[in-house]
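Let me begin by presenting the structure, written as structure tokens, before commenting on it.
Numbering (mature numbering (1 follows the signal peptide of the UniProt record, and there is no 0)), first residue to last: -16 to -1, 1 to 319.
Following this line, the structure appears as structure tokens:
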């Protein structure tokens, strides 16, 4: 952690004055490996990873220089994924796959559009109400869909029982056969499994391993189930806002395939290259707010650990034409 703080300071200086030198990059590469326990199969692989690290470090410096100049609204930082290309991160971690033929389900929508008037005073943050468990880390498994599923059900069960219990993502990875474990999955399919199975085990009883395994569900460790689940009206941020406000944390899918998402550190995330229809990552909307005019945001919980983003969270642009598809395929369970 000390190295990450030091490196963040180094990058901040680099943004103001210069791109880091080759010697500086080589030195920070050694510290990066030590901090994250990076080991490579051979010298060729290490040389390849070092090259990627250096390229990413330079891009971080250039992006943050743009932030200092007021050209972008968020910062980026070197993190544990700095030796990976963005497409590698997407292939390994972003396991959400949009269904080809999604079944028609009950739809949450509001009869009247939400009025987005200035000044915007209202905000919601379910973390402050006890609905949200600690940030988790999916590791090198494309199980984002499982973490998004448990997150919304944890909130629904808390709302019902007034007790926050961490649910088992591994239970879903191993047992939700409509999904594909560490390869890919859908939150709705996971909800359907939990309903038909009669529940899901606790995290403590069925801990996360980050690899596919045989199903070990035990009804003795059942933390609760759901009665049904609801899809939010597609592409409607006003309906998503209504659901987050009235229901609690909501499972959402986004486009997380951009370099800027991989290295997001702080601020209001707006990426012009983001798609609203090509979605690859399951996350959890836990609230919303505003920093001022035209600076509305969603509070989104990721599953990449607390060293990523704002202690594991990202504030994503809201009311910006369904930015990154956050309202394209959202759903929530009813406990």
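Every residue gets a Cβ at the ideal spot worked out from N, C-alpha and C, and that includes glycine.
- Of the residues 292, 258 and 251, the one whose Cα lies closest to the Cα of residue 279 is 251.
- Contact between residue 291 and residue 78 does not hold, since their C-beta atoms are separated by about 18 Å, which reaches or exceeds 8 Å.
- When the Cα atoms are used, residue 21 and residue 243 turn out to be separated by approximately 23 Å.
- Linking residue 3 to residue 125 through their CA atoms gives a straight-line distance of about 34 Å.
- About 12 Å separates the beta carbon of residue 281 from that of residue 228, a gap too long to meet the 8 Å contact definition.
- 168 is the residue among 120, 49 and 168 whose C-alpha sits nearest the C-alpha of residue 75.
- DSSP places residue 271 in the uninterrupted beta strand (DSSP E) bounded by 265 to 274.
- In summary, residue 156 is buried, with 16 or more beta-carbon neighbours lying within 10 Å of its beta-carbon over all protein chains present.
- Shown here, residue 32 sits in a helix according to DSSP, grouped into three states.
- The alpha carbon of residue 199 has as its nearest neighbour, out of 210, 185 and 211, the alpha carbon of 185.
- The Cβ neighbour count for residue 25, taken over all protein chains shown within 10 Å, is under 16; the residue is labelled exposed.
- Looking at the backbone, the Cα of residue 256 and that of residue 164 are separated by about 31 Å.
- Inside the region 29 to 80, DSSP marks whole beta strand (DSSP E) runs of 3 or more residues at positions 58 to 60, from first to last along the chain.
- In the DSSP assignment, residue 186 forms a beta bridge with 151.
- Scanning its chain for C-beta atoms nearer than 7 Å, with the 5 sequence neighbours on each side dropped, one finds around residue 213 the residues 172, 175, 315, 316, 317 and 318, in chain order.
- Approximately 13 Å separates the beta-carbon atoms of residue 303 and residue 260; this is outside 8 Å, ruling out the contact.
- The straight-line gap separating the alpha-carbon atoms of residue 161 and residue 178 is approximately 11 Å.
- Scanning its chain for C-beta atoms nearer than 6 Å, with the 5 sequence neighbours on each side dropped, one finds around residue 82 the residues 263, in chain order.
- When DSSP states are grouped into helix, strand and coil, residue 247 belongs to the coil group.
- As a beta-bridge residue in DSSP terms, residue 213 pairs with 317.
- With a 10 Å radius around the Cβ and a threshold of 16 neighbouring Cβ atoms, residue 40 comes out buried.
- For residue 118, no beta strand (DSSP E) run applies, since DSSP gives it neither H nor E.
- In this structure residue 235 touches residue 132 by the C-beta definition: roughly 4 Å separates them, less than 8 Å.
- Around the beta-carbon of residue 10, fewer than 16 other beta-carbon atoms lie within 10 Å, marking it exposed.
- The shortest C-alpha to C-alpha distance from residue 109 to any of 300, 308 and 283 is the one to 283.
- With a 10 Å radius around the Cβ and a threshold of 16 neighbouring Cβ atoms, residue 286 comes out buried.
- When the alpha-carbon of residue 204 is set against those of 188, 197 and 193, the nearest one is in 188.
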